[in-house]
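> Got a structure for you, written out below as structure tokens; questions coming shortly.
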Amino acid sequence: MPAKDLGTKHLCFKCDTKFYDLNKAEPICPKCGADQRQSPALKPAPAEKRVRPAARPVPPPPPADEPEVEAEVDEDAEADEEAEEAEEDDEP
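The opening residue of the sequence shown carries number 712 in the working numbering; numbering runs sequentially from there.
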């Protein structure tokens, strides 16, 4: 924890160096010499109010009123399968 006699902590807007101003009237960066009072953004932008995130949409439940439709069976496909099985059995 820093001692209170170090002054205000600064972050240089030019070189991003962290430093304390040592309670001097002019907060000048020790690395690059930039005066921190000339910073383009002296005060941080006001924080926007927190907004609750939108609720996730809930998928609708499947309808219970409609009966399930059974898949139609292709009679030709069944006949083809039976013919193939019969051919396989006939081969030695």
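A virtual CB, placed ideally from N, CA and C, is assigned to each residue, including glycine.
Considering only the alpha carbon of each residue, which of Leu717, Pro771, Val762 lies closest to Asn734?
Among Leu717, Pro771, Val762, the Cα nearest to that of Asn734 is on Leu717.
> Pop quiz: Cys740 and Gln747 are said to be a contact at Cβ under 8 Å. What is the actual Cβ separation, rounded to whole angstroms?
The pair is a contact, with the Cβ atoms about 7 Å apart (cut-off 8 Å).
> Taking a contact to mean a Cβ-Cβ separation below 8 Å, would you say Lys742 touches Tyr731 in this structure?
Not a contact, by the Cβ cut-off of 8 Å.
> Does DSSP put Leu722 in a helix, in a strand, or in coil?
In this structure, Leu722 counts as strand in the three-state DSSP scheme.
> State the start and end residues of the unbroken beta strand (DSSP E) segment that holds Lys735.
It is not in any beta strand (DSSP E) - Lys735 carries neither H nor E in the DSSP assignment.
> Who are the near neighbours of Glu737 in its chain, counting only those whose CB is closer than 8 Å to its CB and skipping five residues on each side?
Counting only Cβ-Cβ distances below 8 Å, and skipping sequence neighbours, we find Asp746, Arg748.
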